[in-house]
Amino acid sequence: MSSVSMNDPRAKYPQPPFKRQSQPWPGLARDMDPRPDHGEHSYKGSGRLLGRKALVTGGDSGMGRAAAIAFAREGADVLINYLPAEQPDADEVLQLIEAEGRIGIGVPGDLKDEEFCRSLVARAVRDLGGLDIVVNNAARQQTRESIMDVSSEDFDATMKTNVYAPFWIIKATLPHLKPGSAIIGTSSEQATDPSPELYDYAQTKAATTNYVKSLAKQLAPRGIRVNAVAPGPIWTPIQVSGGATMEKLEKFGGMTPLGRPGQPAELGSIYVQLAAADASYATGQVYGSAGGAGQP
Ligand code: NAD
Ligand code: MG
């Protein structure tokens with residue numbers, strides 16, 4: 043190969059307007075129109091994570107799926123967690139991991155349950171034979187026009203999924219992490235530029251950015267790096283299963299300078315970079331990918 047293909051980032055992927063579409067939470071990538079690209083046909087590995095062992099929550103779809111595929115192509119064994127209703131999406135990911143000759147394990151279950159979070163980590167350590175990459179990526183996002191429409195059950199579920207689960211998972215993981223391990227959170231441009239209709243969700247993303255920075259300081263003396271990825275508008279099931287209004291969905295990503303939403307595939311390499319040993323000086327960092335809008 044004498045050169046890599048150039049492409050225009052504006053025209054690389056679908057642009058708005060999008061068809062109105064809605065799925066029951068948590069939604070399936072395979073039923074979206076257009077189907078998201080998670081790097082299934084494009085991500086090429088070069089051994090950057092050979093022999094590494096990764097746990098990825100929300101690994102069935104969206105950013106988690108892009109990370110899981112990229113990790114496997116870089117030589118890592120990967121355990122993904124997702125909700126039972128997402129088994130069809132998860133099966134596609136597990137097939138792709140195994141096609142790379144890597145171990146792929148799917149563990150369905152609800153991260154709002156502390157005991158489940160602990161058992162998930164135990165399962166990863168047992169079945170992968172250790173753990174050195176932990177991606178806390180799963181999240182709940184439900185749009186509500188007013189704070190008055192956010193019930194205590196809503197608020198609790200969002201906090202449990204987005205803030206408590208990473209807390210529980212990281213605590214369960216730490217005794218197993220050796221120097222050189224990496225913890226990665228998925229934050230959002232919402233952390234610093236919250237939308238009015240994402241009152242509860244947006245503050246959990248601020249919490250994510252914050253915990254990554256505090257833990258990075260706390261764990262540096264143990265040689266464990268902690269970083270976050272902060273996406274802008276990305277075409278994933280979270281948006282079509284209550285995460286966005288139909289009006290927002292039709293124009294999704296159109297307000298960014300690139301004029302379109304991102305695809306999960308466009309973020310897979312960022313998770314790889316943050317996990318890889320050659321990023322050894324990056325800790326407490328937030329890597330953005332938002333089409334020219336937002337900031338980490
Ligand atoms: P997604 O729907 O593909 O992924 C979210 C995943 O969270 C689901 O697949 C599901 O498996 C998991 N999940 C939710 N509740 C759960 C629970 N109680 N137990 C277990 N798993 C649960 O959507 P996505 O956009 O890829 O989301 C991934 C991350 O990206 C989230 O942290 C989200 O906040 C963040 N993010 C997304 C966008 C965007 O525009 N799509 C922008 C910024 C940040
Ligand atoms: Mg999903």
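When you read off a place in the sequence shown, starting at 1, and then add 42, the result is the number in my numbering.
Cβ coordinates follow ideal geometry from the N, Cα and C atoms, glycine included.
Worksheet item: Where does residue 79 land, buried or exposed, given buried means 16+ other C-beta within 10 angstroms?
Response: Under this definition residue 79 is a buried residue.
Worksheet entry | Residues bridged to residue 95 (per DSSP) | Under DSSP, residue 95 takes part in a beta bridge, and its partners are 119.
Fill in: 7 Å CB neighbourhood of residue 129 in its chain, flanking five on each side removed
Only 150 meet the Cβ criterion.
Practice prompt. Can you have a look at residue 295 and say buried or exposed, based on whether 16 or more other CB atoms are within 10 angstroms of its CB?
Written response: Classification for residue 295: buried.
Fill in: Cα-Cα separation, residue 227 to residue 135
Approximately 20 Å between the Cα atoms of the pair.
Fill in: Counterpart residues of residue 177 in DSSP-defined beta bridges
DSSP, once it has assigned bridges, lists 98 and 226 as partnering residue 177.
Item to complete: Could you spell out where the beta strand (DSSP E) holding residue 212 opens and where it closes?
Response: Where residue 212 is concerned, there is no enclosing beta strand (DSSP E), although the alpha helix (DSSP H) around it starts and stops at 207-215.
Discussion item. If contacts are defined as beta-carbon pairs under 8 Å, then residue 310 and residue 112 qualify, I think. What distance do you get, rounded to the angstrom?
Written reply: So it is a contact: roughly 4 Å between Cβ atoms.
Worksheet item: Hey, residue 114 and residue 146 are a contact pair by Cβ (cut 8 Å); roughly how many whole angstroms apart?
Response: The Cβ separation is near 7 Å, so the contact holds.
Practice prompt. Assign residue 135 to one of three DSSP states: helix, strand, or coil.
Written response: In the structure shown, residue 135 sits in a helix (DSSP, three-state: H, G or I).
Discussion item. Could you give the first and the last residue of the continuous alpha helix (DSSP H) run that contains residue 270?
Written reply: From DSSP, residue 270 is part of no alpha helix (DSSP H) but of the beta strand (DSSP E) over 267-273.
Worksheet item: Which first and last residues belong to the alpha helix (DSSP H) in which residue 312 is found?
Response: Taken as a continuous stretch (DSSP letters only), the alpha helix (DSSP H) holding residue 312 covers 310-317.
Fill in: Beta-carbon contacts of residue 60 that lie in its chain and below 7 Å, excluding the five residues immediately before and after
Once the five neighbours on either side are set aside, the close Cβ partners of residue 60 are 291, 292 and 294.
Item to complete: Decide if the stretch 299-316 is in contact with the stretch 55-69; the criterion is three or more beta carbon pairs, one per stretch, under 8 Å apart.
Response: Short answer: they touch.
Item to complete: Just grab the DSSP bridge partners of residue 149 for me.
Response: In the DSSP secondary-structure assignment, residue 149 is bridged to 123.
Fill in: Any non-hydrogen atom of the ligand MG closer than 7 Å to residue 279 Cβ
At least one heavy atom of the ligand MG is nearer than 7 Å to the Cβ of residue 279, so yes.
Worksheet item: Bridge partners of residue 276, per DSSP?
Response: DSSP lists 304 as partners of residue 276.
Practice prompt. May I ask you to report which of helix, strand or coil DSSP gives residue 55?
Written response: Three-state DSSP puts residue 55 in coil, outside helix and strand.
Worksheet item: Comparing alpha-carbon positions, which option in 138, 199 and 94 lies nearest residue 170?
Response: Nearest of 138, 199 and 94 to residue 170, Cα basis: 94.
Fill in: Sub-8 Å separation of residue 222 and residue 274 beta-carbons
Not a contact, by the Cβ cut-off of 8 Å.
Worksheet entry | Strand pairing of residue 282, partner residues [DSSP] | DSSP output for residue 282 lists no bridge partner at all.
Item to complete: Give me the Cα-Cα distance between residue 245 and residue 232, rounded to the nearest whole angstrom.
Response: The alpha-carbon atoms of residue 245 and residue 232 are separated by roughly 8 Å.
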